[in-house]
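Participant: Okay, handing you the structure first.
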Amino acid sequence: MATEQAEPRIVDVPIGLAATGTRTETDSLGEVEVPAEHYWGAQTQRSLIHFDIGDDRMPKPVYHAYGYVKKAAATINARAGRLPRWKADLIGRVADEVIAGRLDAEFPLYVWQTGSGTQSNMNVNEVISNRAIQLVGGRLGSKDPVHPNDDVNMGQSSNDTFPTAMHLAAVRAIDRDLLPALARLRDAAAHKSEEWAHVVKIGRTHLEDATPLTVGQEWSGYAAQLDDAADHIRTTLAGLHRLAIGGTAVGTGLNAPQGFADEVTKLLAELTGYPFVSAPNKFAAQGSLDALIRVSASLRTLAAALFKFANDVRWLGSGPRTGLGELILPSNEPGSSIMPGKVNPTQAEALLMVCIQVVGNDTAVSMAGAEGNFELNAFRPVVINNVLRSTRLLGDACDHFRRYLVEGARLNEAQLKTNIDRSLMMVTALSPVIGYDEAARIAHRALDEDLTLKDAALKSGVSEALFDEVVVPDQLTHPEPAERSGTTHRAKR
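One point on numbering: in our numbering, the residue at position 440 of the sequence shown is 439, and numbering is uninterrupted.
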């Protein structure tokens, strides 16, 4: 049961500390001087000293997710009679400030810290503790009446709360940011597919001329790839819905009350609106990173689809005089500091670079997921940093590619018609009629003698009537099944 403690009066103090210099905070190793203008405590300060590595800070969405975890845990601890109701409400009030991002300046730690995320967990505990102490008019650093370990971290361990916060952060980022941006890009591609449904062009395979299709058909492929990628991502989210909370140090649930895992998870689902469930096996949930590995792999799959889309578009828009020149891309900014009038496919290039980065991020996630020993994978910070980074990059890049390239792209119909008129591969339509070998000879003759396909066919003995009946570009984009079309004209030259 919770220790009897008089309920203090809450003072409505705005966020912020006017103090200067330092104040003395303590942890199990002793005293540490911390900046007096911040809420964090001794363990956070030690981490800042010992892990000042690079510029990569723990992503703020992890801390926002932690706010939900601390609020839910305090609420359930109060229901179990382990924590006074007023204290749980006070922790919940500060947790709401964390969730809203109002305390973001208090979470300065680097990604490159302990692999369990313990220092980030304690950063949250210390900030909530000191902010709560401020709200009741207490002395910061006193740990009274809200203790960072005994109260804010009650029934918890970094080993179960950090993976829980990781899952919450990833689910929210993917659902709220990435998937909507991806859907907007997919819809823009589908709109172009419909707009250009009847515009015929020459297809390409192996970078060489192939049989015709419509521009709409080509773009329908891009839209379908994005649909498939989105479905894959959604499928992997099911693994993130299983939470480690309640496993505490090694998965046994030591120091957590009966039913804590299920009750906290149920409350997290209510608070966030996502279908979170308690992981059925806490040892797997804490000893592995498999769920996030699968999510990262799905992001890599999306990157591959986007790479193909962006790469095709920049090649189709190459020119304007000596490239493929089938697409006219928006002129967003000058493309050269020395060549006047040059415009480059910069949005495609930016997206391609994002895709390359995402593939690299996934490699780091896979390596980290394969590491870890026994009851804990201690490579968590690098994993959540890369997953959230990939999510953010892909979402932003999808919106920019859509807004500044796809929606403004136009067709160079004159170039498309020229390509149709000069194409040799429509000889494929003649193949069932006059035979493969003869059709091949006509194609080679047209190329060798710089003739149109029709002129080469007529010089090779094919009648004009037969050619005009069989070689119809628009019909070749929606051919009849072979068993219906038959070979009725064979040898009728």
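Backbone N, C-alpha and C fix where the C-beta goes; we use that ideal spot for every residue, glycine too.
Do E325 and L212 have their CB atoms nearer than 8 Å?
Facilitator: Here residue 325 refers to the residue found at position 326 when the sequence shown is read from its first residue. Here residue 212 refers to the residue found at position 213 when the sequence shown is read from its first residue. No. Outside cutoff.
Participant: My guess is that T19 and E36 are in contact by the Cβ rule of under 8 Å, so how many angstroms apart are they, rounded?
Facilitator: Taking the first residue of the sequence shown as position 1, residue 19 is located at position 20. Taking the first residue of the sequence shown as position 1, residue 36 is located at position 37. Between E36 and T19 the Cβ distance is about 7 Å, and since that is below 8 Å, they are a contact.
Participant: Would DSSP call D208 helix, strand or coil?
Facilitator: Taking the first residue of the sequence shown as 1, we reach residue 208 at position 209. Looking at D208 - three-state DSSP - the assignment turns out to be strand.
Participant: Taking all protein chains shown into account, decide if Q257 is buried (16 or more other Cβ within 10 angstroms of its Cβ) or exposed.
Facilitator: As a first step, residue 257 is located in the sequence shown; it is residue number 258 there, counting from the start. Looking at its Cβ environment, which holds fewer than 16 other Cβ atoms inside 10 Å, Q257 is exposed.
Participant: Going by alpha carbons, who is nearest to N76 out of R320, E468, N254 and A455?
Facilitator: The residue labelled residue 76 in the question sits at position 77 within the sequence shown. Of R320, E468, N254 and A455, the residue nearest in Cα terms is N254.
Participant: Beta-carbon within less than 8 Å of L270's beta-carbon, same chain only, minus the 5 sequence neighbours each way: which residues are those?
Facilitator: Translated into positions along the sequence shown, residue 270 becomes position 271. Same-chain partners within the cutoff: Y67, K70 and A71.
Participant: Secondary structure at E32, three-state DSSP: helix, strand or coil?
Facilitator: On the sequence shown, residue 32 is found 33 positions in, with the first residue counted as 1. If DSSP states are grouped into helix, strand and coil, E32 belongs with the strands.
Participant: Starting from the N-terminal side, write out each stretch of the alpha helix (DSSP H) that is 4 residues or longer and does not extend beyond the stretch 314-395.
Facilitator: Listed in chain order, the complete alpha helix (DSSP H) runs (minimum 4 residues) inside the stretch 314-395 are 345-369.
Participant: Under 8 Å, do V170 and L89 count as touching if we go by C-beta distance?
Facilitator: For the purposes of this step, residue 170 is identified with residue 171 of the sequence shown, where counting begins at 1. For the purposes of this step, residue 89 is identified with residue 90 of the sequence shown, where counting begins at 1. Not in contact: V170 and L89 (Cβ atoms no closer than 8 Å).
Participant: Does the Cβ-Cβ distance between V199 and D473 come in under 8 Å?
Facilitator: Taking the first residue of the sequence shown as 1, we reach residue 199 at position 200. Taking the first residue of the sequence shown as 1, we reach residue 473 at position 474. For V199 and D473, yes; Cβs fall inside 8 Å.
Participant: Please classify K281 as buried or exposed, where buried requires at least 16 neighbouring CB atoms within 10 angstroms.
Facilitator: Along the sequence shown, one-based indexing puts residue 281 at 282. K281 counts as buried, since no fewer than 16 other beta carbons sit within 10 angstroms of its beta carbon.
Participant: Which term fits S295, buried or exposed, when burial requires 16 or more other beta carbons within 10 angstroms of its beta carbon?
Facilitator: The residue labelled residue 295 in the question sits at position 296 within the sequence shown. That one is buried.
Participant: Taking only beta-carbon atoms, is E193 less than 8 Å away from chain C?
Facilitator: Protein chains in the displayed structure number just one, and chain C is not present.
Participant: With 16 as the cutoff for other CB atoms within 10 Å, does V12 come out buried or exposed?
Facilitator: Taking the sequence shown and counting its residues from 1, the one referred to as residue 12 is at position 13. The C-beta of V12 has fewer than 16 other C-beta atoms within 10 Å across all chains shown, which makes the residue exposed.
Participant: Could you check the C-alpha separation between N310 and I355 for me, to the nearest Å?
Facilitator: Reading the sequence shown from its first residue, position 311 is the one you call residue 310. Reading the sequence shown from its first residue, position 356 is the one you call residue 355. Rounded to whole angstroms, N310 to I355 spans 12 Å at the Cα level.
Participant: Should the stretch 106-120 be regarded as contacting the stretch 333-342, the criterion being three or more beta carbon pairs within less than 8 Å?
Facilitator: Fewer than three Cβ pairs drawn from the stretch 106-120 and the stretch 333-342 lie within less than 8 Å of each other, which leaves the two stretches out of contact.
Participant: Whole angstroms are fine: how far does the CA of A439 sit from the CA of S484?
Facilitator: Taking the first residue of the sequence shown as 1, we reach residue 484 at position 485. Taking the first residue of the sequence shown as 1, we reach residue 439 at position 440. Bear in mind that a pLDDT of 45 at S484, under 50, signals an unreliable position, so the number given afterwards is only what the model happens to contain. Their Cα atoms are separated by approximately 20 Å.
Participant: Within the stretch 153-240, note down every full alpha helix (DSSP H) run reaching 4 residues or more, in order along the chain.
Facilitator: Residue ranges of uninterrupted alpha helix (DSSP H) with 4 or more members, entirely inside the stretch 153-240 and ordered along the chain, are 157-172, 178-194 and 214-239.
Participant: Using a Cβ-Cβ cut-off of 7 Å (strictly less than) and excluding sequence neighbours within five positions of T21, which residues of its own chain qualify?
Facilitator: Along the sequence shown, one-based indexing puts residue 21 at 22. Listed in chain order, the non-local C-beta contacts of T21 below 7 Å within the same chain comprise E32, V33, P34 and A35, local neighbours out to five positions each way being set aside.
Participant: When we look at the beta-carbon of G53 and count the other beta-carbons within 10 Å, is it buried (16 or more) or exposed?
Facilitator: As a working mapping, residue 53 is identified with position 54 in the sequence shown. So G53 ends up on the exposed side.
Participant: With 16 other CB atoms within 10 Å as the buried threshold, where does G80 fall?
Facilitator: Translated into the one-based positions of the sequence shown, residue 80 becomes position 81. By the neighbour-count rule (16 or more Cβ atoms within 10 Å), G80 is not buried but exposed.
Participant: Taking C-alpha atoms, which residue in E412, L305, P60 and D361 lies nearest to A99?
Facilitator: Translated into positions along the sequence shown, residue 99 becomes position 100. Per the Cα distances, P60.
Participant: Could you give the distance in angstroms between the alpha-carbon of I232 and the alpha-carbon of W218?
Facilitator: In the sequence shown, the residue the question calls residue 232 occupies position 233. In the sequence shown, the residue the question calls residue 218 occupies position 219. Taking the straight line joining both Cα atoms gives about 22 Å.
Participant: Please report the straight-line C-alpha distance between V470 and L429, rounded to a whole angstrom.
Facilitator: Working through the sequence shown from its first residue, we reach residue 470 at position 471. Working through the sequence shown from its first residue, we reach residue 429 at position 430. About 7 Å.
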